[in-house]
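Those protein sequence lines, which keep their order, are chains A and B. Taking our numbering, the leading residue of the first sequence gets 1, the next gets one more, and so forth. Taking our numbering, the leading residue of the second sequence gets 194, the next gets one more, and so forth. Note that the Cβ used here is the ideal one computed from N, Cα and C, for glycine as well.
There are 2 protein chains.
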Amino acid sequence: MIPDPAEQRVLDAAKSCCARWGLAKVTIEDICNEAGVSRATLYRMFPGGKDVLFEALRVRDIEDFFTRLSAHLDGAADFEDLLVRCVVQAMAELRGDQHLSMMLASEPGDILGELTVDGLPRIIRVATAFLVPLVDGYLPRREGDRLVELLARLVISYFLAPSEQVDLGDTESARTFIRTFVLPAFQPSLTRS
Amino acid sequence: MIPDPAEQRVLDAAKSCCARWGLAKVTIEDICNEAGVSRATLYRMFPGGKDVLFEALRVRDIEDFFTRLSAHLDGAADFEDLLVRCVVQAMAELRGDQHLSMMLASEPGDILGELTVDGLPRIIRVATAFLVPLVDGYLPRREGDRLVELLARLVISYFLAPSEQVDLGDTESARTFIRTFVLPAFQPSLTRS
DNA sequence: GACAGTGAGACGTTATTTGTCTTATTGTCT
DNA sequence: AGACAATAAGACAAATAACGTCTCACTGTC
Numbered sequence: 001m002i003p004d005p006a007e008q009r010v011l012d013a014a015k016s017c018c019a020r021w022g023l024a025k026v027t028i029e030d031i032c033n034e035a036g037v038s039r040a041t042l043y044r045m046f047p048g049g050k051d052v053l054f055e056a057l058r059v060r061d062i063e064d065f066f067t068r069l070s071a072h073l074d075g076a077a078d079f080e081d082l083l084v085r086c087v088v089q090a091m092a093e094l095r096g097d098q099h100l101s102m103m104l105a106s107e108p109g110d111i112l113g114e115l116t117v118d119g120l121p122r123i124i125r126v127a128t129a130f131l132v133p134l135v136d137g138y139l140p141r142r143e144g145d146r147l148v149e150l151l152a153r154l155v156i157s158y159f160l161a162p163s164e165q166v167d168l169g170d171t172e173s174a175r176t177f178i179r180t181f182v183l184p185a186f187q188p189s190l191t192r193s
Numbered sequence: 194m195i196p197d198p199a200e201q202r203v204l205d206a207a208k209s210c211c212a213r214w215g216l217a218k219v220t221i222e223d224i225c226n227e228a229g230v231s232r233a234t235l236y237r238m239f240p241g242g243k244d245v246l247f248e249a250l251r252v253r254d255i256e257d258f259f260t261r262l263s264a265h266l267d268g269a270a271d272f273e274d275l276l277v278r279c280v281v282q283a284m285a286e287l288r289g290d291q292h293l294s295m296m297l298a299s300e301p302g303d304i305l306g307e308l309t310v311d312g313l314p315r316i317i318r319v320a321t322a323f324l325v326p327l328v329d330g331y332l333p334r335r336e337g338d339r340l341v342e343l344l345a346r347l348v349i350s351y352f353l354a355p356s357e358q359v360d361l362g363d364t365e366s367a368r369t370f371i372r373t374f375v376l377p378a379f380q381p382s383l384t385r386s
């Protein structure tokens, strides 16, 4: 799993072309030019063309997202703090994502599908892989899975449609929310605070 | 010459689509959707399609440019002040034009042609129509034409390739420049100060 | 009810994009 | 030097998208 630098260049190119023109307007050739790679090479890297390429881009982006997220969760003091940081940081990342907000503006249909119906299971799967280890000390495995899925769904929902009541991007608001609606459900299973 | 509001909507749509995707990526259909107009209607308004439409857009933009420019030249105290304001204001408009700078970034070739080889004669023609009347009190007609053309060429050149020496967007710098290089050439013809 | 203007969309025609393949070139390794 | 793998360049047919023209039905206005 050594990441091929040319492959990364192509993915970067796809991303920036997309940010400039939107998914619908980008051609394979645009991406090749941006990446400084010939069409033949791109098809050798991603046999199947656009679909496969953008699929790979989504996979990479999601993994990067959770990699960055995990990095912000290291010094968590306790279980509650861990969950609060997780939620706040995830929200900050989503809101700050240039690429994402551009696509949400220009092609809401595709991107919403990616965050809800089609893509959500994948997101939950990756979230689980990254985050369950972190709550492993606090909860039994089964409960960890349930918790991570719940948090993922909540963050996405509050990101797509901000609430008047709660701002999961704000630490205090998120703490209150977690304390009130999340912790109680998992309190009985908690193996340590 | 009553400006048809639907026609203006289409031109606005063309402009904003262009700003979003660049000239090369815009389709007639994009523009129709943005303007809320059917394809048939657009072709009835601009028989000839894209070429005619964008030609009309250029014409309108240039006229608007000089209309706005003229509005800033009313209270000019004397000849020198008139020229300085003219140059400074033109530079400010060019530099502030969102549409223009976006297109310069994404399709330099087309836009440069529009500002130099192909389009410059037209720009000079419109500039003459708008500005010669304003210098008419100071100069004989023939000299007015020569002056306006000279200023147009200078502004465009300094806009496209900013100088280290002179900033025509700055009033003081522009005044010095006008005094040094422009006024002397026309001094002999001046009918009043 | 005639009328001009419009939106929807079918249509054949071009242009563009796609995906595959071949060829020549480049740099690497032995 | 010569074999080798990886690539850029670009030819090519097939698929797709965009173009420009047309017809027709609909909506207001006189």
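Would you grab the beta carbon distance between residue i and residue j for me? Rounded to a whole angstrom, and I think it's under 8 Å.
| i | j | result |
| --- | --- | --- |
| Trp21 (chain A) | Lys208 (chain B) | Contact doesn't hold; Cβ gap of about 17 Å is too wide. |
| His292 (chain B) | Cys210 (chain B) | About 11 Å; that fails the 8 Å criterion. |
| Glu97 (chain A) | Leu23 (chain A) | It is Asp, not Glu, that sits at residue 97 (chain A) in the sequence shown. So it is not a contact: roughly 15 Å between Cβ atoms. |
| Val52 (chain A) | Val10 (chain A) | Incorrect: roughly 11 Å between the Cβ atoms, too far for contact. |
| Glu222 (chain B) | Arg237 (chain B) | Not a contact, Cβ separation roughly 16 Å. |
| Val135 (chain A) | Leu147 (chain A) | 6 Å |
| Thr364 (chain B) | Val281 (chain B) | 5 Å |
Decide if residue i is buried, meaning its Cβ has at least 16 other Cβ atoms within 10 Å, or exposed.
| i | result |
| --- | --- |
| Gly362 (chain B) | buried |
| Phe54 (chain A) | buried |
| Leu383 (chain B) | exposed |
| Gln358 (chain B) | exposed |
| Phe181 (chain A) | exposed |
| Gly268 (chain B) | exposed |
| Gly241 (chain B) | exposed |
| Gly330 (chain B) | exposed |
| Ala270 (chain B) | exposed |
| Ala105 (chain A) | exposed |
Strictly below 8 Å CB to CB, what residues from chain B border residue i?
| i | result |
| --- | --- |
| Lys208 (chain A) | Residue 208 (chain A) is absent from the structure shown; chain A starts at 1 and stops at 193. |
For residue i versus residue j, is the C-beta spacing smaller than 8 Å?
| i | j | result |
| --- | --- | --- |
| Glu227 (chain B) | Ala206 (chain B) | yes |
| Ile62 (chain A) | Ile156 (chain A) | no |
| Phe379 (chain B) | Leu332 (chain B) | yes |
| Arg253 (chain B) | Glu307 (chain B) | no |
Could you check whether the stretch 70-82 of chain A touches the stretch 146-160 of chain A, counting it as contact only if at least three pairs of C-beta atoms, one from each stretch, sit closer than 8 Å?
Note that the stretch 70-82 of chain A does not touch the stretch 146-160 of chain A; fewer than 3 beta-carbon pairs, one per stretch, sit closer than 8 Å.
At a cut of 8 Å, does the stretch 147-158 of chain A reach the stretch 130-138 of chain A through at least three beta carbon pairs?
These segments touch.
Under 8 Å: do the stretch 272-291 of chain B and the stretch 364-383 of chain B share three or more Cβ pairs, one atom per stretch?
Yes: the two stretches touch, three or more of their Cβ pairs being nearer than 8 Å.
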